[in-house]
Amino acid sequence: MTSHRNKRHGMTRLLLNSRFLAFASGTKKGLEGFTLVELMVTVAILAILGAVAVPAYVNYVNRARQSEAIMALMNVKMDQEIFWDDHGRYAGTISCLPSFGNDCSAGTSHLTASGYKVKVENAGGSTFRAKASKKVYAYAPTDIIQLSVTAATPDATPQVLHPEAISFSVFKWIFD
Numbered sequence: 002m003t004s005h006r007n008k009r010h011g012m013t014r015l016l017l018n019s020r021f022l023a024f025a026s027g028t029k030k031g032l033e034g035f036t037l038v039e040l041m042v043t044v045a046i047l048a049i050l051g052a053v054a055v056p057a058y059v060n061y062v063n064r065a066r067q068s069e070a071i072m073a074l075m076n077v078k079m080d081q082e083i084f085w086d087d088h089g090r091y092a093g094t095i096s097c098l099p100s101f102g103n104d105c106s107a108g109t110s111h112l113t114a115s116g117y118k119v120k121v122e123n124a125g126g127s128t129f130r131a132k133a134s135k136k137v138y139a140y141a142p143t144d145i146i147q148l149s150v151t152a153a154t155p156d157a158t159p160q161v162l163h164p165e166a167i168s169f170s171v172f173k174w175i176f177d
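Residues 2 to 177 (our numbering) make up the sequence shown, in order.
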């Protein structure tokens with residue numbers, strides 16, 4: 002009985018020794034799975050990639066949404082020129098313009114698909130200002146894009162007043 006027991010104990014010991022030697026020598030033949038270190042390295046790499054990729058993607062999406070607001074302002078500019086040709090003045094509200102309903106009693110602002118509120122301000126005989134605004138993040142200022150057209154600047158282009166308004170920050174998102 003003891004010899005049978007010793008044989009079993011010896012085989013178990015031999016099996017453990019062979020696995021240890023295989024692991025220690027770097028040849029993991031017969032061993033399956035991943036070590037804790039390998040898993041932790043993989044998780045760390047994925048966390049670093051996520052910390053870089055997510056803010057970059059969010060900023061990309063925000064810039065795309067902002068470009069929609071810029072296009073709306075360019076439509077305001079074209080429509081204002083048409084309105085001026087027809088009436089000798091610029092439209093006082095955005096709803097008077099063809100691209101935004103062509104009904105002056107409809108309202109004073111237009112909401113784009115991406116959530117920017119577009120409106121015409123300070124319209125007169127030879128000048129007008131149009132703004133698109135949206136609060137993107139609570140910790141950042143309101144994103145305002147402005148287009149000011151005067152007799153001296155008929156080829157004006159929209160200007161972003163607060164570029165930092167659409168910048169996503171993981172640190173501000175977590176710690177504020």
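Just so it is clear, CB atoms sit at the ideal spot from N, CA and C, and this is done for glycine as well. On a predicted model such as this, the values are computed, not experimentally measured, just so you know.
TODO: Could you say which of Leu40, Glu165, Cys97 and Leu148 lies nearest to Ile83 if we only look at CA atoms?
DONE: Minimum Cα distance to Ile83 is reached at Cys97.
- [ ] Going by CA-CA distance only, name the one from Gly116, Glu122, Tyr117 and Glu33 that's closest to Ile95.
- [x] Nearest in C-alpha terms to Ile95, of all of Gly116, Glu122, Tyr117 and Glu33, is Glu122.
Open item on the list: Assuming Ser137 and Ile167 are in contact, meaning their beta carbons sit under 8 Å apart, how far apart are those beta carbons, in whole angstroms?
Closed with: It is Val, not Ser, that sits at residue 137 in the sequence shown. Contact flag correct, Cβ pair sits at about 5 Å.
Task: Assigned exposure category for Ala45 - 16 Cβ within 10 Å defines buried - done: Classification for Ala45: exposed.
TODO: Identify whether Ala48 lies in helix, strand or coil by the three-state DSSP scheme.
DONE: DSSP places Ala48 in helix when its eight states are reduced to three.
Open item on the list: Check for me: the beta strand (DSSP E) holding Ile145 runs from which residue to which?
Closed with: Ile145 -> beta strand (DSSP E) spans Asp144 to Val150.
Open item on the list: Helix, strand or coil for Leu162? Go by DSSP, reduced to three states.
Closed with: In the three-state reduction of the DSSP assignment, Leu162 falls in the coil class, being assigned neither a helical nor a strand state.
Open item on the list: Please report the distance separating the alpha-carbon of Glu69 from that of Ala152.
Closed with: Linking Glu69 to Ala152 through their CA atoms gives a straight-line distance of about 26 Å.
Task: Contacts around Thr135, its chain only, beta-carbon distance under 6 Å, and the 5 residues preceding and following it disregarded - done: Reading the sequence as shown, one finds Lys at residue 135 and not Thr. These residues qualify, in order along the chain: Gly116, Tyr117 and Asp144.
- [ ] Determine the direct distance from the alpha carbon of Phe169 to that of Pro56, and round the result to whole angstroms.
- [x] C-alpha separation (whole angstroms): 6 Å.
Task: Euclidean distance between Cα positions of Phe101 and Ala54 - done: Cα-Cα distance, rounded: 37 Å.
Task: Contained alpha helix (DSSP H) runs [length at least 4] in the segment 48 to 135, N- to C-terminal order - done: Within the segment 48 to 135, no run of alpha helix (DSSP H) at least 4 residues long lies entirely inside it.
Open item on the list: For the ligand COA, I want to know if Met41 counts as a neighbour, meaning its beta carbon is within less than 6 Å of at least one of the ligand's heavy atoms.
Closed with: With respect to small molecules bound, the structure shown includes none, and the ligand COA cannot be examined in it.
TODO: With DSSP collapsed to three states, give me the class of Val137.
DONE: Coil, per DSSP.
Task: Close Cβ partners of Thr108 (< 6 Å) along its chain, the five nearest in sequence each way excluded - done: What sits at residue 108 in the sequence shown is Gly, not Thr. Once the five neighbours on either side are set aside, the close Cβ partners of Gly108 are Ser96.
TODO: Give every residue of the same chain whose Cβ lies closer than 8 Å to the Cβ of Thr128, excluding the five residues on either side of it in the sequence, and list them in chain order.
DONE: For Thr128, same chain residues with a beta-carbon under 8 Å away, outside a window of 5 residues either side, are Tyr91, Ser149, Val150, Thr151 and Ala152 in chain order.
Open item on the list: Suppose the cutoff is 6 Å on Cβ atoms and the five residues either side in sequence are ignored; what does the same chain contact list for Ala139 look like?
Closed with: Cβ within range, chain order: n/a, list empty.
Task: Secondary structure of Glu33, DSSP reduced to three states - done: In this structure, Glu33 counts as coil in the three-state DSSP scheme.
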